[in-house]
Amino acid sequence: SSEQHPDVVYAKVDTEAEQQLAAAADIRSIPTLMAFKKGKLVFNQAGALPPAALEELVQKVKEFDIDAAIAAQNNGEPK
(Lines of atoms letter the chains of each structure in order from A and count residues from 1; the text may use other names and numbers.)
(Lines give C-alpha, C1' and ligand atoms only; values in the text may rest on other atoms or scores of the structure.)
Protein backbone atom coordinates (compact mmCIF):
# COMPACT_ATOMS: atom_id res chain seq x y z
CA SER A 1 0.00 0.00 0.00
CA SER A 2 2.83 2.42 0.77
CA GLU A 3 4.11 2.13 -2.80
CA GLN A 4 0.73 3.21 -4.20
CA HIS A 5 0.38 6.10 -1.72
CA PRO A 6 3.67 7.97 -1.26
CA ASP A 7 1.68 10.87 0.23
CA VAL A 8 0.59 8.69 3.18
CA VAL A 9 2.83 8.16 6.21
CA TYR A 10 2.95 4.56 7.42
CA ALA A 11 4.37 3.88 10.88
CA LYS A 12 4.90 0.92 13.15
CA VAL A 13 5.18 1.24 16.92
CA ASP A 14 7.12 -1.18 19.11
CA THR A 15 4.64 -1.28 22.00
CA GLU A 16 7.17 -2.97 24.30
CA ALA A 17 9.71 -0.18 23.82
CA GLU A 18 7.07 2.58 23.63
CA GLN A 19 4.75 1.56 26.47
CA GLN A 20 3.78 5.14 27.30
CA LEU A 21 2.74 5.81 23.70
CA ALA A 22 0.86 2.50 23.53
CA ALA A 23 -1.03 3.40 26.71
CA ALA A 24 -1.82 6.92 25.45
CA ALA A 25 -3.16 5.43 22.20
CA ASP A 26 -5.12 2.82 24.20
CA ILE A 27 -3.58 -0.04 22.22
CA ARG A 28 -4.88 -3.27 23.73
CA SER A 29 -4.28 -5.75 20.89
CA ILE A 30 -1.46 -6.45 18.49
CA PRO A 31 -1.77 -5.53 15.71
CA THR A 32 -3.92 -2.42 15.99
CA LEU A 33 -4.46 -0.33 12.89
CA MET A 34 -4.98 3.41 13.35
CA ALA A 35 -5.43 6.19 10.83
CA PHE A 36 -4.98 9.88 11.57
CA LYS A 37 -5.82 12.91 9.48
CA LYS A 38 -4.49 16.33 10.48
CA GLY A 39 -3.53 14.80 13.82
CA LYS A 40 -7.04 13.50 14.54
CA LEU A 41 -7.76 9.79 14.96
CA VAL A 42 -10.24 8.79 12.25
CA PHE A 43 -9.91 4.99 12.36
CA ASN A 44 -8.97 2.51 15.09
CA GLN A 45 -9.36 -1.25 14.80
CA ALA A 46 -7.61 -4.20 16.36
CA GLY A 47 -6.40 -6.80 13.90
CA ALA A 48 -4.78 -6.83 10.51
CA LEU A 49 -6.54 -6.01 7.25
CA PRO A 50 -6.13 -7.88 3.98
CA PRO A 51 -4.51 -5.78 1.21
CA ALA A 52 -7.80 -4.92 -0.56
CA ALA A 53 -9.40 -3.74 2.69
CA LEU A 54 -6.32 -1.68 3.57
CA GLU A 55 -6.44 -0.04 0.14
CA GLU A 56 -10.13 0.78 0.66
CA LEU A 57 -9.38 2.23 4.10
CA VAL A 58 -6.57 4.43 2.73
CA GLN A 59 -8.90 5.77 0.03
CA LYS A 60 -11.67 6.49 2.55
CA VAL A 61 -9.28 8.30 4.90
CA LYS A 62 -7.88 10.38 2.01
CA GLU A 63 -11.44 11.33 0.96
CA PHE A 64 -12.67 12.00 4.51
CA ASP A 65 -13.37 15.71 5.12
CA ILE A 66 -11.79 16.15 8.54
CA ASP A 67 -12.42 19.90 8.57
CA ALA A 68 -16.18 19.34 8.17
CA ALA A 69 -16.11 16.69 10.90
CA ILE A 70 -14.30 19.03 13.28
CA ALA A 71 -16.70 21.88 12.46
CA ALA A 72 -19.69 19.60 13.09
CA GLN A 73 -18.19 18.48 16.38
CA ASN A 74 -17.70 22.13 17.38
CA ASN A 75 -21.25 23.06 16.29
CA GLY A 76 -19.92 24.92 13.28
CA GLU A 77 -17.55 27.15 15.26
CA PRO A 78 -13.93 26.93 14.07
CA LYS A 79 -11.31 26.19 16.68
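Take the sequence shown: its letters are residues 15 to 93, numbered as in my numbering. No residue lacks a Cβ here, since even glycine has one placed at the ideal position from N, Cα and C. Owing to the predicted nature of the structure, the values given are computational and were not obtained by experimental measurement.
About 6 Å separates the beta carbon of VAL75 from that of LYS51, a gap short enough to meet the 8 Å contact definition. Counting only unbroken stretches of 3 or more residues, the beta strand (DSSP E) elements lying wholly within the stretch 44-82 are 46-51 and 54-60, in sequence order. Beyond the five residues adjoining it in sequence on each side, TYR24 comes within less than 6 Å, by CB distance, of SER16 in the same chain, given in chain order. Annotated three-state conformation of GLN18 is coil, per DSSP.
If you compare the alpha carbons of LEU35, ALA37, ARG42 and VAL22 with that of ALA49, the shortest gap goes to VAL22.
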